[in-house]
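In the working numbering, each residue's number is its place in the sequence shown (first place is 1) plus 1.
Ideal Cβ placement from N, Cα and C applies to all residues, glycine included.
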Amino acid sequence: MKPTVLVTGGAGFLGSHLCDRLIAAGNDVLCVDNFYTGNRDNIRHLLGHPSFELMRHDVMLPLYVQVDQIYNLACAASPVHYQTDPVGTTKTSVMGAINMLGLAKRQQARVLQASTSEVYGDPRQHPQREDYWGHVNPIGVRACYDEGKRCAETLFFDYHRQSAVDIRIIRIFNTYGPRLQMHDGRAVGNFILQALRGEPLTIYGDGSQTRSFCYVDDLIEGMVRTMDQNDAVGPVNLGNPVECTILELAETVLELTGSKSELVYNPLPFDDPVRRQPDISLARKLLDWSPQVELKDGLRETIAYFKTLL
Ligand code: NAD
Ligand code: UDP
Ligand code: UDP
């Protein structure tokens, strides 16, 4: 019997790539999504595939199905979307985690939580290692996402200790690639769209803040390896350790698109982290994993995808 794998948030950017990967590996996939930020186009090519099933469902509500593994990705990831309905964001992370952990407990299924580098907040340790507890404003505009994800991690560990639920936790750092939503306000998507349309690229602040951008294929590889190993529950940082400033990112997008767009400087959003770079020593050791795709190559793929949409 093929294993049945549940992917919550499966119609989203990362979730849809994960569904592709799991089906290619011979699993049956149950994709659950409420289409808040997800898009049917991301999984349209899978509709009708004998191993793929799509269910419109909100993870805030209980879910009784038969599954062998659960990847819990449901949650809007871009600041613009998760701040539109902040209460819904916290509810999705917390109630979604409770329901998926309850399901995992009943089914004796392994469950992986897609956590985030945002649990480190605006970090005081650099690069961030998994044993760093973070520096998060609990009442700021990013808190619905950051604290929701932190609470989900707490629930995962407590279900693990209290009820022996078989958990895995990954902390994902900024990831980009095809199927990134065009209008979700994240830097890579905004810059590519603006460059292709000949509009000014909007730099928030002076552009000296840093991020470390990981290509989606690398991230999915690390996610599946974390799920499939038996040595550690995590949390495991997954991301590309190559750090770049937002200004460098914008300039690279201009170079690769050949765009003549100018740069404009807008105010920095509140609580915007200054630096972010993963320490991936644990992932290297545990999973024998490190990102393979360089920023320019990944951006070329992403630009090509955006061109097909415009
Ligand atoms: P995304 O917004 O494209 O995907 C999230 C998916 O979850 C969407 O399809 C959305 O419709 C669905 N969803 C949201 N709320 C739901 C609910 N209540 N019930 C059911 N489905 C719901 O974002 P993404 O970039 O693919 O992120 C996927 C996961 O990875 C998220 O949990 C996010 O926090 C995490 N993550 C992503 C990044 C990144 O850089 N992309 C970084 C850190 C963590
Ligand atoms: N749950 C679910 N599917 C299941 C089992 C449980 O969605 O197959 C949900 C249910 O809403 C429950 C929650 O998971 O409230 C937590 O489950 P747990 O067994 O911890 O709690 P309890 O049933 O005691 O509330
Ligand atoms: N950013 C920017 N211009 C944009 C969108 C984002 O300068 O049009 C900045 C943003 O302020 C942040 C960085 O780029 O410092 C990464 O933002 P994104 O929303 O992609 O991810 P996150 O802040 O969640 O890491």
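Residue 166 to residue 283 span [Cα, whole Å]: 22 Å
Cβ distance (whole Å) where residue 135 is taken to contact residue 216 below 8 Å: Contact doesn't hold; Cβ gap of about 25 Å is too wide.
Alpha carbon of residue 117 to alpha carbon of residue 252, nearest angstrom: 26 Å
Rounded distance between the beta-carbons of residue 47 and residue 20, thought under 8 Å: 6 Å
Residue burial classification, residue 140 (beta-carbon count within 10 angstroms, cutoff 16): exposed
Selection from 52, 232, 76 that minimises the alpha carbon distance to residue 36: 76
Paired residues, beta bridge with residue 93 - DSSP: Beta-bridge pairing links residue 93 to no other residue.
Sub-8 Å separation of residue 241 and residue 272 beta-carbons: no
Distance between beta carbons of residue 181 and residue 53, contact taken as under 8 Å: Contact doesn't hold; Cβ gap of about 22 Å is too wide.
Residue 204 - partner residues in DSSP beta bridges: 266
Boundaries (first-last residue) of the beta strand (DSSP E) holding residue 113: 111-117
Near ligand 2: residue 100 beta-carbon under 7 Å from a heavy atom: yes
DSSP state of residue 120 mapped onto helix, strand, coil: helix
Residue environment, residue 268, which counts as buried when at least 16 other CB atoms sit within 10 Å: exposed
Which of helix, strand or coil DSSP assigns to residue 65: coil
Inter-stretch contact at 8 Å, needing at least 3 Cβ pairs: the region 277-297 / the region 140-155: no
Counted within 10 angstroms of its Cβ, other Cβ atoms place residue 74 as buried (16 or more) or exposed: buried
Buried/exposed call for residue 231, threshold 16 Cβ in 10 Å: exposed
Straight-line gap, residue 33 to residue 5 (C-alpha atoms, nearest Å): 13 Å
Cβ pair residue 224, residue 171 closer than 8 Å: yes
heavy atom of ligand 3 below 7 Å from residue 129 C-beta: no
Contact test: residue 72 Cβ vs ligand 2 heavy atom, cutoff 7 Å: no
Selection from 29, 42, 296 that minimises the alpha carbon distance to residue 176: 296
Own chain partners of residue 101 with C-beta closer than 7 Å, once the 5 adjacent residues on each side are dropped: 9, 60, 71, 73, 112
Segment contact, 8 Å Cβ cut-off, at least three pairs: the region 79-88 with the region 199-214: no
Identity of the residue in 50, 163, 190 nearest residue 305 by Cα: 190
Closer than 7 Å: residue 79 CB and nearest ligand 4 heavy atom: Among the ligands in the structure shown, ligand 4 does not appear; only ligand 1, ligand 2 and ligand 3 can be found there.
Chain C within 8 Å of residue 242, Cβ atoms only: No chain C appears in this structure, which consists of one protein chain only.
Contact set for residue 105: own chain, Cβ-Cβ below 6 Å, skip 5 residues either direction: 71, 112, 166
Rounded separation between residue 262 and residue 195 - CA only: 8 Å
Option nearest residue 142 by Cα separation, candidates 178, 127, 91: 91
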